[in-house]
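For the sequence shown, the tail end lands on 421 under UniProt numbering, and the numbers increase by one without skipping.
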Amino acid sequence: MSFLPTEDSVPSVSSAISYFQSPNVDVSVKSAYFDPIYPVVPLSDGSPIHFRFSSNENYYSDMRNSILELKVKVFKSDGNLVTDSDNVSYDDGGIMNTLFQNIQVFVNDTLVSSGNSLSAYTSFASYTLLTPNSTKKSRGSNYGFYTKEDGTLDPKLAVLATETLHLAARPSHDFFQLNQFIPPGLKIDIKFSPSLPRFVFRKLEKAAPDVKLTISEAVLHIRKVKIVSSLALAVEKIKASGSNLKIMIPKLMPTARIIPTGSLSFAESSLTTYGHLPSKVILGLVKTSNQLGSYESSPFKFELFHLSSLHLKVNGQPIYSLNFSDQSYRLLYEMSMRTLGGDETTFENGLSYDKWIRDSSLICLDISGTPDLSLIKDGTLRLDLTFSQATDVSVSLIIIGFQETFLEIDKSGAVFLPIAP
């Protein structure tokens with residue numbers, strides 16, 4: 001964006017030192033509004049919700065501040081409404097973050113997002129780890145939580161509150177994390193593929209009924225911004241010169257590996273994506289039966305399964321060599337939180353050690369060595385795990401690599417990605 005200090009901004013100081021510094025004033029945006037985008041085809045149970053839009057020559061698309069609005073109906077499999085005695089709930093991450101198993105984004109018909117069935121895991125991890133606790137508390141109902149009398153959030157109340165759940169929030173997906181505006185002339189297609197009901201909902205007792213979910217309404221509210229003419233002209237000059245436009249995008253690249261029953265160790269020598277090293281990596285261990293979806297147990301109950309050591313190597317050189325012979329994981333927890341937020345005075349996700357160790361044991365490790373934007377690097381990333389007890393079930397290792405990359409668009413509208421989706 002373009003910034004310009006003005007005389008009017010000088011008195012807006014927060015300390016004696018800042019008196020000598022003029023605060024930045026954003027002069028790139030003239031106006032903004034929300035443009036409601038409706039599905040391309042009528043909604044039907046189990047089918048993807050397909051949105052399509054583009055920016056005209058006067059307005060750019062601000063994905064970071066766009067909102068997905070949904071109206072969701074929850075019924076028992078026999079078509080009757082869920083009641084309190086049915087004991088049906090859903091997971092701690094909010095139904096908005098678990099509702100879609102796959103989110104695909106196409107720019108000019110080129111796939112730029114991860115087109116696999118693990119999108120719900122990236123959404124859950126983003127919300128659980130990166131969303132400030134104050135946001136979870138203040139806007140929890142928008143993600144599908146409802147507040148009990150004591151002020152705590154209760155997903156069961158959301159199911160029972162009304163025949164229709166009304167949700168409105170920014171999707172936790174990398175394309176909705178862009179810090180740059182989408183320029184005019186690009187066709188954007190976004191497809192939200194719903195998760196199976198057994199992946200979203202939990203039975204609090206064995207006798208609880210199966211449920212089904214219907215999305216009755218869906219609107220994607222795209223924030224459109226009008227930029228100043230001088231900046232718009234500069235963008236057009238770049239395109240006319242033959243230079244490619246680049247849009248930075250924080251890529252979350254999920255994959256899964258299976259650790260068989262009876263394993264005391266596990267090794268994976270290719271954690272990279274097409275040979276590119278992530279700047280950070282998130283690891284989570286969950287029962288394979290849960291990952292596939294189960295009414296009885298959450299697919300987001302991450303456990304450590306008696307993990308006794310973790311070793312991570314980049315190009316053969318160890319960067320993490322952690323041993324947990326005493327089954328204490330406080331060091332791993334602290335490393336994970338600092339990888340996410342750095343200085344604890346500026347970041348707080350509400351994930352205490354007790355809650356983390358109980359059911360949210362997501363491991364976050366820094367690979368790049370810097371909190372700033374890192375270059376895309378090639379190399380190998382090897383992970384070795386050992387367990388003090390053999391795994392008594394099949395375990396899925398969810399791996400989410402994080403890397404700042406960019407979309408590159410040439411003057412013909414062709415889209416290129418240095419990291420394939």
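Using N, Cα and C, we set each Cβ at its ideal position, and we do this for glycine too. Bear in mind the structure is a predicted one, so any value in this text is a computation, not a measurement.
Alpha helix (DSSP H) segment containing residue i, residue limits
i	result
Y33	Premise fails: Y33 lies in the beta strand (DSSP E), V29 to I37, not in any alpha helix (DSSP H).
A125	S119 to A125
S138	N133 to S138
I95	I95 to T98
Y329	Careful: Y329 lies outside any alpha helix (DSSP H) and carries neither H nor E.
Y353	Y353 to D359
S294	Here S294 belongs to no alpha helix (DSSP H), and DSSP marks it neither H nor E.
Cβ-Cβ separation, residue j to residue i (assumed contact under 8 Å), whole Å
i	j	result
L118	P250	Not really, about 17 Å apart at Cβ, beyond 8 Å.
K191	P42	Going by Cβ atoms, the distance from K191 to P42 rounds to 15 Å, so no, they are not a contact pair.
K156	S89	4 Å
I238	L407	No, I238 and L407 are not in contact; Cβ-Cβ is about 15 Å, not under 8 Å.
K287	V395	6 Å
E334	N133	So it is not a contact: roughly 17 Å between Cβ atoms.
R64	L186	With 8 Å as the limit, R64 and L186 do not qualify as a contact, their Cβ atoms being about 16 Å apart.
V29	K224	No, V29 and K224 are not in contact; Cβ-Cβ is about 11 Å, not under 8 Å.
A267	L397	Not a contact, Cβ separation roughly 11 Å.
P39	F53	That belief does not hold up - the Cβ atoms of P39 and F53 are roughly 11 Å apart, past 8 Å.
I357	Y329	6 Å
F175	V105	5 Å
S298	R202	6 Å
S279	Q389	That belief does not hold up - the Cβ atoms of S279 and Q389 are roughly 33 Å apart, past 8 Å.
S289	P184	Actually they are not in contact, since the Cβ atoms of S289 and P184 sit about 48 Å apart, beyond 8 Å.
Contact check, residue i vs residue j, beta carbons under 8 Å
i	j	result
Q101	S193	yes
G401	N315	no
A125	S195	no
F324	L340	no
I103	H173	yes
Y295	L310	no
K76	D86	yes
F199	T83	no
F271	L381	Going by the sequence as given, residue 271 is Leu instead of Phe. In this structure, L381 lies closer than 8 Å to L271 by Cβ.
S360	T122	no
I363	L283	yes
I399	L245	no
T391	I258	no
residue 422	I188	Here the chain comprises residues numbered 1 to 421, so residue 422 is not present and cannot be evaluated.
I277	K377	Contrary to the premise, residue 277 reads as Leu rather than Ile in this sequence. Taking 8 Å as the Cβ cut-off, L277 and K377 qualify as a contacting pair.
V74	L167	no
V415	V72	no
D35	I222	yes
F387	L292	no
G242	K411	yes
For residue i, the first and last residue of its enclosing beta strand (DSSP E)
i	result
Q389	From DSSP, Q389 is part of no beta strand (DSSP E); its letter is neither H nor E.
Q317	Q317 to N323
Q403	V395 to I409
P183	That residue, P183, is in no beta strand (DSSP E); it is neither H nor E in DSSP.
F199	Here F199 belongs to no beta strand (DSSP E); instead the alpha helix (DSSP H) covers P197 to V200.
T164	T164 to A169
I190	K187 to P194
residue 422	The requested residue 422 is not part of the displayed model; the chain covers only 1 to 421.
H311	L307 to V314
I367	Taken as a continuous stretch (DSSP letters only), I367 belongs to no beta strand (DSSP E), as it is neither H nor E.
Cutoff 8 Å: residue i Cβ touching any chain C Cβ
i	result
E268	No chain C is part of this structure, which consists of one protein chain only.
- [ ] Please determine if the region 296-304 and the region 133-148 are in contact, where contact requires at least 3 C-beta pairs separated by less than 8 Å.
- [x] Judged by Cβ distances under 8 Å, the region 296-304 makes no contact with the region 133-148, as fewer than three pairs qualify.
TODO: Any chance you could list the alpha helix (DSSP H) runs of at least 4 consecutive residues sitting entirely within the region 210-283, in chain order?
DONE: Within the region 210-283, the complete alpha helix (DSSP H) segments of 4 residues or longer fall at 229-240, listed in chain order.
TODO: Ignoring anything shorter than 3 residues or poking outside the region 42-85, list the beta strand (DSSP E) runs there in chain order.
DONE: Within the region 42-85, complete beta strand (DSSP E) segments of at least 3 residues are found at 49-54 and 59-76, given in chain order.
Open item on the list: Measuring CB atoms only, is the region 63-80 touching the region 216-226, in the sense that at least three cross pairs come out at less than 8 Å?
Closed with: Taking 8 Å as the limit for Cβ pairs, the verdict is that the region 216-226 does touch the region 63-80.
TODO: Mind the definition here: the region 197-206 touches the region 54-62 only if three or more C-beta pairs lie below 8 Å; say whether that holds.
DONE: No, they do not touch.
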